[in-house]
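Peer 1: Once you know that position 252 of the sequence shown is 560 in the numbering used here, the rest is easy, because the numbers rise by one and skip nothing.
For each residue, glycine too, the CB sits at the ideal point set by N, CA and C.
Remember, it's a predicted structure, so these values are computed and weren't measured experimentally.
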Amino acid sequence: MPDHQGNPWRVRVAILLLISIAVGVVWVTNSLLTERFTESTRNRAQVRMTLYAGNLISELQRASIVPQLLARDPTLIGALNSQDYSQSSQRLISYIDEIGAASLLLLDNTGRVVAASDRNLIGANHRSDAYFINAVRSNDTIFTVTKDDNGAIMFTYSRKMEYAGSPIGVIVVEVDLKQFQNSWAGISDAVFVSNSEGEILLATEPAWRGLHEEEALQLRSPSAAIQRSIQTTTDWVSLTTTANLLGSGVMRQEARIPFQGWKMTSFTTYASVRQRVNGVLALEIMGFAILLALTFFFLSRKAQVQSRFFQRESAELRQLNQRLQREIAEREKAEKSLQVAEQTLAQSSKLAALGEMSAAVSHELNQPLAAMKTYLAGARLLLRRKRPEEAVSSFQRIDDLIERMGAITKQLKSYARKGGDAFAPLDIRDAVNSALSMMEPQLKRRHVEITKTMPREAVMVLGDRVRVEQVIINLF
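If you want it as structure tokens, here you go:
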């Protein structure tokens, strides 16, 4: 079986390496695509600004011709000379759709509106307005930017009307430039047009109109598409920003409009850049995730195979263990049977030895019994002769003989008893003395003289007293 101890470490290193490669690839891809898509977005924004500026100039140039044509209109000149304006307003209304102007006004020499495409304006006096004053003072068409009473910015072309070299009125054409900012509002860019003084004239954000750029960017509540784009876009990376709008980096671009020092400024979000980059990164991450999932799948399959192998090995080991346990149980049973047999054999040996010693013990007991009989007869005689002191001495000798016989029978009974299995502390000197007392009658019969040399201190051992005495007896 191969060594599996190093496999977990190799697997972890491989997974970490795969994750590191994935992070590196995602990072490099993110950086390269961000740079590429940012440049592409910048180019598209520049093209849009060029198109917007061209449309704006085209509209201004087209509208600049209208006052010159209307100033020569014989119907309008006749109305100013005759002061009969009954058909003049209808005449102006008929021109609205043709020329695409926001409104047309016909003013007399006093600045009073005598005819208008919007009849509600008839009767109003504009003698103090710049487009009337400048037109009266000039022989050319005058472009003027003014604010009405509601703060709305108006873009007008005005021109003095003459008859026979004398001024008779002023024709005013309001240019419809708001149509452009309405079309600009449909994209994610924020666009505004400012004059030479930096005042914003047209803007996709209504709140910016009439302000300067710095003031407009400080507003916190723009409501157009630029805000929605910034709020809903997740910034994956740090992008090169050229301006800040609502605390978010945007791409600021500027283009000159060849008209009275105007310029167009756009703020382009990185929404499209992020979306395109995130799309590619999502595919890469998905690919690495699938690769990582496949890696874990194969590792799982391998782990399952190893698990089944280990289970088989474990089952075999359990079976082997069970066999060993059965063998151990059988051996323990055999050992117990052997111990019982040994104990039985030892008991039989003791009984055999006991039979051998019984003759010597009976001889030893017969002598005290004969002596006791003699002492009793002597004591009876002494008592009859009224000599009790001497009789007591005989009784004392009989008592000593009884104690000796008790010691002999006690040793015999102790030797015949089956020893236990429990060990206990004992003095080996007592065991030697007890064995010698047991063997004393047999030794005397054999005329054996015993010399004992015992230590003064106790010699303690841990064992069975009966077995120890048996060992000592077997030495004789």
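Cβ of threonine 825 within 9 Å of Cβ of aspartate 448?
Peer 2: Given a span of 309 to 784 for the chain in the structure shown, any question on residue 825 remains unanswerable.
Peer 1: With a threshold of 9 Å between beta carbons, is alanine 685 in contact with chain C?
Peer 2: Going by chain labels, chain C is absent from the structure shown, which holds only one protein chain.
Peer 1: Report the start-end ranges of each alpha helix (DSSP H) in the stretch 416-481 that is 4 residues or longer and not cut off at the edges.
Peer 2: 438-445
Peer 1: State the Cα-Cα distance for the pair glutamine 395 and glycine 431, rounded to the nearest angstrom.
Peer 2: 15 Å
Peer 1: Taking all protein chains shown into account, decide if serine 615 is buried (16 or more other Cβ within 10 angstroms of its Cβ) or exposed.
Peer 2: Under this definition serine 615 is an exposed residue.
Peer 1: So threonine 349 and methionine 559 are in contact, right, with Cβ under 8 Å, and what is the actual spacing, rounded?
Peer 2: Their Cβ separation, rounded to whole angstroms, is 7 Å, which keeps threonine 349 and methionine 559 in contact under 8 Å.
Peer 1: Can you list, in chain order, the residues of its chain whose CB lies under 8 Å from that of valine 613, leaving out five sequence neighbours each side?
Peer 2: Contacts found: none.
Peer 1: Quick one: what does DSSP say methionine 713 is sitting in, helix, strand or coil?
Peer 2: In the structure shown, methionine 713 falls within a helical segment according to DSSP collapsed to helix, strand and coil.
Peer 1: What three-state label does DSSP hand methionine 762 in the structure shown?
Peer 2: In this structure, methionine 762 counts as coil in the three-state DSSP scheme.
Peer 1: Going by DSSP in three states, alanine 493 sits in which element: helix, strand or coil?
Peer 2: In the structure shown, alanine 493 sits in coil (DSSP, three-state: anything other than H, G, I, E or B).
Peer 1: Rounded to a whole number of angstroms, what is the C-alpha to C-alpha distance between aspartate 772 and isoleucine 706?
Peer 2: Just so you know, the alpha carbons of aspartate 772 and isoleucine 706 end up roughly 34 Å apart.
Peer 1: List the endpoints of the continuous alpha helix (DSSP H) containing proline 382.
Peer 2: 382-390
Peer 1: Per DSSP, what are the beta-bridge partners of methionine 559 in this structure?
Peer 2: Thr576
Peer 1: Who are the Cβ neighbours of alanine 563 in its own chain at under 6 Å, not counting the five residues just before and after it?
Peer 2: Met357, Ala361, Met572
Peer 1: Is the Cβ-Cβ distance between leucine 414 and isoleucine 479 less than 9 Å?
Peer 2: yes
Peer 1: From alanine 322 to asparagine 586, what does the alpha carbon distance come to, in whole angstroms?
Peer 2: 27 Å
Peer 1: Just mark isoleucine 534 as buried or exposed, buried being the case when its beta carbon has 16 or more other beta carbons within 10 Å.
Peer 2: Here the model assigns isoleucine 534 a pLDDT of 48, short of 50, so the residue's position is not dependable and the matter cannot be decided.
Peer 1: In its own chain, which residues sit with a C-beta less than 7 Å from the C-beta of arginine 399, not counting the 5 before and 5 after it?
Peer 2: Thr383, Leu384, listed in sequence order.
Peer 1: For valine 499, count neighbouring C-beta atoms within 10 Å of its own C-beta (all shown protein chains included) and say buried if the count is 16 or more, exposed if not.
Peer 2: buried
Peer 1: Kindly indicate which three-state DSSP category valine 779 falls into: helix, strand or coil?
Peer 2: Three-state DSSP puts valine 779 in a helix.
Peer 1: With a Cβ-Cβ cutoff of 9 Å, do methionine 762 and valine 779 count as a contact?
Peer 2: no
Peer 1: Quick one: using the 10 Å Cβ neighbour count with 16 as the cut-off for buried, is arginine 517 buried or exposed?
Peer 2: By the Cβ-count criterion, arginine 517 is buried, with 16 or more other Cβ atoms from all chains shown falling within 10 Å of its own Cβ.
Peer 1: Based on the DSSP secondary-structure assignment, which residues constitute the bridge partners of glutamate 507?
Peer 2: His520
Peer 1: State the Cα-Cα distance for the pair glutamine 487 and alanine 424, rounded to the nearest angstrom.
Peer 2: Distance from the CA of glutamine 487 to the CA of alanine 424, rounded to the nearest whole angstrom, comes to 21 Å.
Peer 1: Is glycine 771 helix, strand or coil when you go by DSSP?
Peer 2: strand
Peer 1: Can you give the beta carbon distance from threonine 418 to tyrosine 439, rounded, assuming they're within the 8 Å contact cut?
Peer 2: About 15 Å separates the beta carbons of threonine 418 and tyrosine 439, which is beyond the 8 Å limit, so they are not a contact pair.
Peer 1: At what residues does the beta strand (DSSP E) containing leucine 400 begin and finish?
Peer 2: It is not in any beta strand (DSSP E) - leucine 400 instead sits in the alpha helix (DSSP H) that spans 396-407.
Peer 1: Please state if the CB of alanine 371 and the CB of valine 481 are separated by a distance shorter than 9 Å.
Peer 2: yes
Peer 1: Compare the Cα-Cα distances from glycine 569 to each of Gln630, Val501, Ser446, Ala660 and report the closest residue.
Peer 2: Val501
Peer 1: DSSP three-state call for valine 499: helix, strand or coil?
Peer 2: strand
Peer 1: Are the CB atoms of glutamine 376 and arginine 467 within a distance shorter than 9 Å?
Peer 2: yes
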